[in-house]
Structures are given as structure tokens and as C-alpha cells.
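Under my numbering, read the sequence shown as residues 1056 to 1709, first letter to last. The beta-carbon is built from N, C-alpha and C at its ideal position, and this holds for glycine as well.
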Amino acid sequence: MLGYLVVFMWYIGNKAQAQNIQWMSGVAAYSSEKILPQAGHRDYKTQPAITSSPNNGAFLEVIFDNPMPIKQLVFKKGIEEEGIRQIVVTDNRQVNHTLYQKDDSWGSFFRSQHFLHYVIPSPTPYMVQKVRLVMNPNSLHTLLPSQPIGISTESQVKDGDIRVATDAPTEIIRENMGKAINSRHQEFAPVISSDGNTLYYTRNYVSLFGKGKDQDIWFSTKDAEGNWTKAQSLGIPLNNEDDNAVFAISADGREVLLLNTYLKNGKMSAGISRSYRKGNEWSFPEDVKIDNFYNYNPYADFTLSSDGNVMVMSIQRNFTQGKRDLYVSFRKSTNEWTEPRNMGTVINTSEHEVTPFIAADGKTLYFSTRGFPGYGDNDIFKTQRLDDTWLTWSEPENLGKAINTPNWDGFFTLPAKGDYAYMCTYNTAAEKEDIYRLLLPQAARPEPVYVWKGDVLSTTDQKAISCEIQVFSLNNTSKNILANYDPMQGKFQLILPLQQAYQVVPRKKGYLAISEWLDLRQENTYREERKNLYMMPLEAGNKAVLNSLSFAQGSSVLSLEAMQDLQRIAQAMKEIPSLEVLFEGHTDNQGDFYLNLQLSEERVKQVKNYLIKQGIAEHRIQTKGWGPARPIASNATEEKRKLNRRVEFTVTKK
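As C-alpha cells, then:
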């Protein structure tokens, strides 16, 4: 049954120093020969087997020479968390204390390269002398491992067990976001906009009278000097009397993915929603539909790729590896998504994998877990996508102790530039979560991207036109992007991974798109550009240069890009049966004038023939070749001459 999604979280962290493990010095008691350590370790001091065992479980009780307060129990591989029913320790006064009870855990399990660890929130206030481990007899397919059981005063595992990213920073400035963002309440779940200028997060109120107030969404923006302004509540309709949180923001900052579904009666139900910004207001959230969606866990996290086509979520389902796993879903339509698929055992462990974040490059995934070796509680890891299935990933790497603390770390989020990371960490002094900012060195950032901002303007009067913008990847058609442009909401923003080539096409009925071609195949550094797109109204007398209809010197062969634009012209002419057009061909001045004139005529003839093949009547298409007679640029350089090798498009009748 799908539980009601709640994002209230309480994480407890601890200070970590060098690992110091005291191994057991002997066996105090055991339930049967089946649980006695294997041959080769009979030198441990042992007592006779006890035939009856508490809770019908097999148990092993071990003793330590030097009683001490503990923060951690350490078990060699072979003892699995699923088989442990209970952990009871005996202090030096022979008083028993239960540290772990199945389904009622005080601490947390996690696994390192060599050990299973059970870490408790704070050191025991007593000196531990014995540890009794009660096991499920059905889980004992073999004897317990021959290696001993240990106790430790620390929560940190040894660095040698941690797979640290090679580009992890060794030193970093961790900046608490201060009173503008953080308060005496709990702040968590930060989500930074792609331009780095707006920070959304969740604040959890606790009133002075002890009555809890449901969590709300807050936001802060940067001022002209780049300082964060005092945070404000996002207000209605996104905040109501129930639990509210932002999971993700679209690349243009105009759409947010929200916790829970919003009902018209003001109540909430399990699921996720989305809302659109209209000026300074947000639309009433609408449900996001995911095929066969269910979640057995009361918590969930979601993130979106910058192109808006991929959603990664942290949920618990029938075939989850352990607790919450990472799943992927793909957009089918504006508001419909495919059934979630488990992203595999490379990144999912027997622990919770939570707070995923997809970087702007669409390849790098950050998430938080204690299922891999780390520096205390949950740490932040990164992995990279190895193919387009989103199911094959590199082995996760710890971001290192400059970023991860001995406390709970999660909600790692980055703007497109990747310069500042924002994250949530348990603040030991304040005994709550706060939001922090970290300036990442260049080597620690995800792969760079290209950010394109601009408006879509009419070629005739330069006025902005609301429209769709389609981005076609010439490397991989599965990576196409669809964005909406509304001039009332500001400029469009596209985030494009490098090492690819793109065609960018604004689309609206009654207009001809002036396509832009963007070749990023040789670029390897982050870049922002402000550049407008154009559309020509399909009205008699209007004229435009078709960028795609440029030719190699001396050639009249239509390129793939040209044919794609001509297909759109053919579609417009089918939608408007009365539309008639003129194509005029031009060349540079290199070579014989009359040969160039003939070449220009041949080029527009190829254009006409292509449209006829698309079903457009011949009489609706006129052509004219001008050769080098009407240049629009100097012929002094090849770049300038390329501008002159063009085809112009004119609407002659509508």
C-alpha cells in the first residue's frame, strides 16, 4: 500500500576521529555448536553451550578485556544485518542494555569493505564488557565467521575502506548559509535553480507551545551584489496545512516538482505534483502520473534531468535491494511517465539510497547513503551514467571528508555552472539540520555544459512570440528537448551537454522557424550565451534567410539540416493551402560569374524538387538564381563568403 509521503527527517551525527577497534577476547556463552566460532579460534576462552536461547534465537556472547563506552559494533563479513534479531550489551556492573531490537533500531547498520558496522547515535554512558548477538536460526546456513567481533569508541570507518573520488577536494570552505536562510528551526532539502540565483528549501516549524506546524517551502534569491536575501515563504497554493517540499526545478526555473498531490479541498494525498510560475504566482499543483507507481516507504525523493525527460526517485518497492532504492522513469508526455525501474545493484545497497540529484550534464548523479563505506552517518556519493538506459552506472565514489562530515549529509544540489554546491548537514551545535554552501574546485565539478538564454522574436517587428522550442541532438535522437517560451515569464533557457551538435527550432502555427545550428562537439568548458531565436510570420511579402540552406563552395547538394527545414516548410504549406513561396539562390564571388549564376539556379532548383517530393504543387514554388550579384557580406574571408552562399525565402501569397 502506498504510504503518505512525508519529508520530515531527523538525523543524528557524531564527531569522528581515528578508528580504534577492540576485538573480543573470549566467548562468554553460546547457544549451540552451530554458532560457536569455527575451528582455529578455539583458543578463545569459552563457556559450555546454553541449550535454551532467548526469543528462540541462536546467540553468541563475547567478552572484552577492557570495558569501555562504545559508539560502534564491528562484525566481520558473514554476519548479515537481516539475520540479526537483537544486540544486548552488558556493562562492567553486569547490567544488560539492549542496543538493537529487530524493527526497533536505535542505531544504523552500514557496510564497509571488510566489516558490517552498527553505529549508535551517541556513546554509551556505561562501560561495555560483553556483547550478546542474537541471530535468526533460519539465517544460519553456515557457522558464524571465524573472525572476531569488535567494539569501538568511534563511528568512522577507516579511510582505506572508503572509495574516494579521485577528484574529491582535500580542502574546502563549508559556509553555513546564515540567518538569511537558516533559523532556529530545521532547514533541509535545498534545491538550487540552474542559474544559481534562487534557492528553494524546506523549513520545519516547531511552535513555542509544542504543537508542530507542518513543513513549508521557503525560498531566497540573490540581490544585485550576489548576496542571498532573507528567505520568504513560497505561500499558497504550494504551502498549505500539510507537508510541503520542492523536489526539483526545471532548467528555466518555471516549473517545480512537489511533494504529495494537492486536492481541491485543501487536503493532500500520496504522490507528486507540478506547478508552473506565472509572473510572481504559482499555479495550483496538478498530479504527475507515473505508471504503476507505489511506494512502501513513508519517505521519497525525486529529481529531474535538465532536459526534463528523466526522473530519478528514491522509493521502496517489491524488488528493492534493501530499503529505499534509486529508480528511473522516463517522460511519455507532458504529464505522464513510465513505470519506475530499479537502477541496479551497482548503486543500490541494503541501506537507504536517498536525495538523488542529476547534474546539468545529464551524466553525473549524486545521492546520499550509508550503504557504502563513509565517514560516519550518511555520506554523499557520485556516480556516472555509462549508457542511455540509465541502468548502467560507474561504481559510486565518496566525495571525500572535505565535503562529507561524521554527521548526516545529503541533498547535494548544484547550479548548471557547478561552482557552488548546496547541501544539508546535521549541525551538532544547533542539534538540527542546516543548509551549507561549498565552493567546489574545478576538478570536483561535473562535466561542463552550454547554457543558452534568449527570446524568440518576429523577423518583421522584433516582437517576442510565445512558442515551443524544440532541440534536436544530431548525435542521439533520444536526447531531444522540448521547452516552452512565454515572453511574460522572461527569457528561455536551454542547458545542453557538450560534445554534441544541435538543431534548435522555435515552433508556432502560422510562422516559419529560422533554425539555429549549434556545434559543441569540440567544446570542453562551461559557457553561457545570450542569443535570440527568430520566426517569420507567414504573411505575403515577408522574407528571411534560411540558415540551414547554406552550401559548400561549388556544391548544390542539400544537407540533412536543409532537408529538415524544408520538411517544416512543406508542413506549413500543407496547413495553409493558399501559401505560395519564392526561393532565391546566391553564391560568393569566387570563380566565374556565369558558372556561379548557374550554380545558384541549381541550388534553388534542388530546393523546389525536394518540396515537390513532399507533396507540394509545383506552381506554388518559384525560384530565382542571382549568382554573386547580391552579397550580404564581404567576400574577403571564407567565413564571410559562407554567408553569401545562401537561399532566401519569401512568402509571395497567402
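{"Item": "Return the chain-ordered ranges of every beta strand (DSSP E) run that is complete within the stretch 1596 to 1668 and spans a minimum of 3 residues.", "Value": "1598 to 1600, 1635 to 1640"}
{"Item": "My output table needs one value for N1530: the three-state DSSP class, helix, strand or coil.", "Value": "coil"}
{"Item": "For A1414, which three-state DSSP category applies?", "Value": "coil"}
{"Item": "First and last residue of the alpha helix (DSSP H) that includes K1277?", "Value": "Element bounds for K1277: n/a, residue is neither H nor E."}
{"Item": "Under 9 Å, do Q1677 and F1704 count as touching if we go by C-beta distance?", "Value": "no"}
{"Item": "How would you call Q1287, buried or exposed, if buried means at least 16 neighbouring beta carbons within 10 angstroms?", "Value": "exposed"}
{"Item": "How far does the alpha helix (DSSP H) with N1699 in it reach, from first residue to last?", "Value": "1693 to 1699"}
{"Item": "So, helix, strand or coil for E1230, using DSSP?", "Value": "strand"}
{"Item": "Considering Cα atoms alone, identify which of I1142, N1231, Q1184, E1116 is closest to A1484.", "Value": "N1231"}
{"Item": "Can you have a look at N1237 and say buried or exposed, based on whether 16 or more other CB atoms are within 10 angstroms of its CB?", "Value": "buried"}
{"Item": "What separation, rounded to the nearest whole angstrom, lies between the Cα atoms of E1406 and N1397?", "Value": "14 Å"}
{"Item": "For H1240, name the three-state secondary structure that DSSP assigns.", "Value": "coil"}
{"Item": "Taking G1205 as the reference, give the member of A1223, V1186, R1585 with the closest Cα.", "Value": "V1186"}
{"Item": "Considering only residues of the same chain and omitting the five flanking positions on each side of G1680, which have a CB-CB separation below 7 Å?", "Value": "G1640, L1652, S1655, E1656, V1659"}
{"Item": "Can you tell me where the beta strand (DSSP E) holding I1118 begins and where it ends?", "Value": "1113 to 1123"}
{"Item": "Are the CB atoms of S1513 and M1591 nearer to each other than 9 Å?", "Value": "yes"}
{"Item": "Can you grab the Cα-Cα spacing for the pair W1283 / G1399, in whole Å?", "Value": "39 Å"}
{"Item": "With 16 other CB atoms within 10 Å as the buried threshold, where does Q1661 fall?", "Value": "buried"}
{"Item": "Helix or strand or just coil, what does DSSP make of E1032?", "Value": "Only positions 1056 to 1709 of the chain appear in the structure, and residue 1032 is not among them; the question remains open."}
{"Item": "Roughly how many angstroms lie between the CA atoms of I1118 and T1179, to the nearest whole one?", "Value": "17 Å"}
{"Item": "Whose CA, out of N1539, P1686, Q1645, lies closest to the CA of V1600?", "Value": "P1686"}
{"Item": "Ordered along the chain, which non-local residues of its own chain (more than five positions away) have a Cβ less than 7 Å from that of R1562?", "Value": "C1522, E1523, Q1525, A1568"}
{"Item": "Please classify Q1497: does DSSP put it in a helix, a strand, or coil?", "Value": "helix"}
{"Item": "With DSSP collapsed to three states, give me the class of Q1525.", "Value": "strand"}
{"Item": "Report the three-state DSSP secondary structure of Q1127 (helix, strand or coil).", "Value": "strand"}
{"Item": "Find out if the Cβ-Cβ distance for the pair V1367, L1312 is shorter than 9 Å.", "Value": "no"}
{"Item": "Can you tell me whether DSSP reads R1675 as helix, strand or coil?", "Value": "helix"}
{"Item": "Examine the Cβ distances between the stretch 1534 to 1552 and the stretch 1484 to 1494 and report whether three or more of them are shorter than 8 Å.", "Value": "no"}
{"Item": "Whose C-beta lies closer than 8 Å to the C-beta of H1240 among residues of the same chain, with five residues either side of it excluded?", "Value": "R1258, N1259, Y1260, V1261, K1487"}
{"Item": "According to the neighbour-count rule (16 or more other Cβ atoms, all chains shown, within 10 Å of its Cβ), is F1170 buried or exposed?", "Value": "buried"}
{"Item": "Check the DSSP bridge columns for D1346 and list the partner residues they point to.", "Value": "For D1346, which the question treats as bridged, DSSP gives no partner whatsoever."}
{"Item": "Entirely within the stretch 1355 to 1434 and at least 3 residues each: give me those beta strand (DSSP E) ranges in chain order.", "Value": "1356 to 1359, 1365 to 1370, 1380 to 1388, 1408 to 1413, 1419 to 1424"}
{"Item": "P1561 bridges to which residues according to DSSP?", "Value": "I1524"}
{"Item": "Do the CB positions of Q1554 and R1582 come within less than 9 Å of each other?", "Value": "no"}
{"Item": "If contact is defined by three or more beta carbon pairs under 8 Å, each pair taking one atom from either stretch, is the stretch 1449 to 1456 in contact with the stretch 1427 to 1440?", "Value": "yes"}
{"Item": "Apply the 10 Å Cβ neighbour rule to A1300 and answer buried if 16 or more other Cβ atoms are within range, or exposed otherwise.", "Value": "buried"}
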